[in-house]
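Using numbering that gives the first Met the number 0, read the sequence shown as starting at 0 and increasing by one per residue.
Using N, Cα and C, we set each Cβ at its ideal position, and we do this for glycine too.
Here the structure is a predicted model, which is why all the values come from computation and not from measurement.
Read through the structure below, which is laid out as structure tokens, and then see the notes.
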Amino acid sequence: MPTAILTGQPVPGSSIESELRSLGFDVHLASGAADTETLLARAPGDERVAVVDARFVGHPHALRLGLTDPRFPLAAIPGAVTAQPAARQTLTRAMARENSAAGGSTALAVDSLADRITAALDADGAEVHRPELGRLVAAVPADPQARNEARQAVAAVDDEAVRLKSAVKARDGFVTTFLISPYSRYIARWCARRGLTPNQVTTASLITALIAAGCAATGTRAGFVAAGVLLIASFVLDCTDGQLARYSLQYSTLGAWLDATFDRAKEYAYYAGLALGAARGGDDVWALALGAMVLQTCRHVVDFSFNEANHDATANTSPTAALSGKLDSVGWTVWVRRMIVLPIGERWAMIAVLTALTTPRITFYALLIGCAFSATYTTAGRVLRSLTRRATRTDRAAKALADLADSGPLAEAAARGLRGTARRLPAITAPAVALLGGAAVVATAALTDFGGPWPLVAALVYVLTSALAVARPLKGALDWLVPPFFRAAEYLTVLLLAAKADVNGALPAAFGLVSAVAYHHYDTVYRIRGDAGAPPQWLVRTVGGHEGRTLVICALAVLLTASQFKLALTVLAVAVALVVLVESIRFWVAAHKVGAPAVHDEGEPA
């Protein structure tokens with residue numbers, strides 16, 4: 000149980016002790032700095048500890064934000080400071096210095112001991128999180144009049160209303176903001192009051208989406224209608240889990256990973272359900288389903304790569320960014336621009352409505368057109384920003400892009416021999432050769448007959464161009480395009496070769512293989528975002544890297560018959576899925592058990 004140390008004599012009528020107990024703290028009273036230091040030393044080292052001024056007046060949710068958020072080792076609000084186990088030593092040093100400065104006196108100082116400790120932490124250069132309280136009150140009144148005014152300020156603001164409002168993500172899409180969040184926040188509160196966790200709601204959202212995919216797979220109109228309704232229900236739960244996490248401050252490393260990976264699993268499983276349902280009606284749309292997954296995944300990689308490349312870039316300004324800021328000041332343009340990028344709310348709403356009212360083919364056509372337009376819009380804007388901002392990128396950004404590139408042993412070995420050549424080439428070389436090499440292997444797969452030798456030749460060229468692209472650090476203005484080009488080349492090659500095989504089951508097998516590989520790439524992103532580093536090198540080498548897998552698939556298309564190729568794709572899909580899933584689950588569960596820093600993504604809606 001976390002420990003809260005109340006410093007000084009509680010004021011008559013104060014509810015601070017009961018409020019701390021309601022937040023789960025074991026409350027101890029201290030008469031001054033020396034007593035506080037003694038109690039701090041006695042508190043369990045593996046638990047959170049807080050020092051709170053007994054004169055504190057404020058909203059319960061202000062205390063909750065300041066003292067219970069698991070994402071930050073050190074946090075403070077006026078009159079209260081807290082430390083998680085990882086930061087206990089830092090807090091103890093600040094407390095000891097404060098006690099020494101006070102000469103060990105037990106007399107209550109005029110100002111707040113908790114605030115003096117916070118000031119000492121700041122002086123030490125410690126990173127102390129101070130939550131944005133907005134209208135919430137948190138104060139240490141110095142006299143009865145100030146206390147009365149603070150209590151009146153508390154009474155004037157509805158703590159629960161603020162808590163509900165803050166449960167909704169600050170930046171979200173139009174559909175989520177206006178059609179889902181107005182009521183999903185109340186579902187989140189209902190879940191919190193019944194002890195449900197965000198991970199349980201996330202799992203319920205996944206199950207609902209899988210049932211929706213099963214309904215779509217029936218191929219009946221009733222099944223399609225049910226699928227559309229259930230997909231919307233799944234999205235409501237998807238919004239609810241994040242709102243529950245913010246409402247109750249239940250953040251975790253495992254929860255962030257589950258939320259992110261389940262979103263992708265839900266959407267791509269639903270694509271497969273639609274394709275199965277269409278097949279029952281005699282319409283083969285597996286190529287469209289796989290194309291939609293490829294396009295959506297490449298869109299995400301563009302987002303991830305651009306953000307990582309500019310995560311800590313210096314001189315990170317541009318006329319394009321300035322124009323974007325000006326447009327944001329015009330209210331209606333904000334929502335238009337958010338809808339144009341077809342975030343998850345708009346995308347799932349479109350898919351659900353079209354599933355219920357039309358056919359899977361029409362649904363996929365609309366999805367492909369919408370995603371292609373949004374991908375063109377966002378990528379063009381980011382290219383313009385990159386060309387005009389003159390940013391200097393760091394070694395960390397270059398390392399992140401190299402990890403996102405997913406280069407295997409073949410590209411790594413060739414890159415070592417090409418480093419001298421790469422240094423003499425212009426900065427645009429990396430994305431240019433990545434694009435040309437990928438275009439060559441994709442075009443060869445599209446334009447030649449299945450079983451011919453040319454895809455294998457193109458794949459060998461692709462290995463060399465991939466090596467040249469990563470032969471030097473990816474710090475160029477457009478080097479963030481390298482990972483998306485690699486993703487598009489690998490995924491489209493699999494799609495086209497499966498389509499060229501023209502045998503029943505080849506495209507579903509290709510869908511499974513791309514799903515497994517895409518999971519590996521998403522997992523890499525989530526590890527980097529969580530500051531956990533990229534997957535281990537043995538995993539990347541075991542699954543071959545993007546260039547190794549592309550070469551193997553092209554070789555199989557040359558050496559095997561169409562039926563044998565379908566079987567080989569199936570075996571590869573199962574093998575890759577087993578390896579990456581087992582390692583991913585092991586890593587995230589272990590990170591959660593050892594108390595890895597809790598994370599929660601407040602970024603762009605995916």
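Residue i vs residue j beta-carbon contact at 8 Å
i: A212; j: G222; result: no
i: P140; j: V56; result: yes
i: L66; j: L22; result: yes
i: A187; j: P130; result: no
i: G547; j: L409; result: yes
i: V293; j: V513; result: yes
i: V156; j: H58; result: yes
i: A498; j: K565; result: no
i: E489; j: P534; result: no
i: A33; j: N98; result: yes
i: T523; j: L383; result: no
i: C190; j: T252; result: no
i: A611; j: R245; result: Here the chain has residues from 0 to 605 only, and residue 611 is not among them.
i: I76; j: M94; result: no
i: L62; j: L28; result: no
i: V481; j: A444; result: no
i: F510; j: L230; result: no
Residue(s) in a DSSP beta bridge with residue i
i: D52; result: T6
i: G57; result: A137
i: D25; result: T2
i: I76; result: A79
i: H128; result: A74
Identity of the residue in the options nearest residue i by Cα
i: P11; options: I76, D142 and A32; result: D142
i: A466; options: G133, P430 and P452; result: P430
i: Q242; options: K168, D282, A508 and V228; result: K168
i: A138; options: V51, N198 and T196; result: V51
i: R220; options: W334, A274 and T354; result: T354
i: R526; options: L473, W256, L275 and Y269; result: W256
i: Q151; options: W347, R337 and R134; result: R134
i: V235; options: L455, G543, I179 and W479; result: I179
i: R162; options: V575, L132 and E411; result: L132
i: A531; options: A433, A399 and I210; result: A399
i: A439; options: V579, L459, L341 and N503; result: L459
i: S361; options: N306, H299, L273 and L5; result: Just to set this straight, residue 361 is Ile in the shown sequence, not Ser. Considering only alpha carbons, the answer is L273.
i: L19; options: T37, D258, L64 and W453; result: L64
i: W479; options: S165, D282, R381 and L230; result: R381
i: A86; options: A125, A118 and I116; result: A125
i: L496; options: D262, L195, T549 and L383; result: T549
i: E266; options: A118, I343 and V224; result: I343
i: A457; options: V127, G227, V557 and R245; result: V557
i: Q83; options: V127, W334, D171 and D114; result: V127
i: R607; options: V26, L90 and T2; result: The chain is shown from 0 up to 605; residue 607 falls before or after that span and cannot be answered.
For residue j and residue i, believed in contact at Cβ under 8 Å, the rounded distance
i: F485; j: G437; result: 7 Å
i: A476; j: A426; result: 7 Å
i: G254; j: N198; result: 5 Å
i: A53; j: S17; result: Contact doesn't hold; Cβ gap of about 13 Å is too wide.
i: A470; j: L417; result: 4 Å
i: A208; j: Y269; result: 6 Å
i: D501; j: A561; result: 7 Å
i: I350; j: L367; result: Not quite, the Cβ-Cβ distance comes to about 12 Å (not below 8 Å), so this is no contact.
i: A282; j: P359; result: At residue 282 the sequence reads Asp, which differs from the Ala that was named. Going by Cβ atoms, the distance from D282 to P359 rounds to 7 Å, so yes, they are a contact pair.
DSSP-derived helix/strand/coil call for residue i
i: T252; result: helix
i: H299; result: helix
i: D394; result: helix
i: H310; result: coil
i: H481; result: The sequence as given places Val at residue 481; His does not occur at that position. Helix, per DSSP.
i: A108; result: For A108, the predicted structure reports a pLDDT of 43, less than 50, and the residue's modelled location is therefore unreliable. The matter cannot be settled from this model.
i: S30; result: coil
i: G281; result: coil
i: S14; result: coil
i: L496; result: helix
i: V593; result: coil
i: F586; result: helix
i: F449; result: coil
i: A142; result: One detail in the question is off: residue 142 reads as Asp in this sequence, not Ala. The answer is coil: DSSP assigns D142 none of H, G, I, E or B.
i: I210; result: helix
i: K265; result: helix
i: V340; result: coil
i: R47; result: coil
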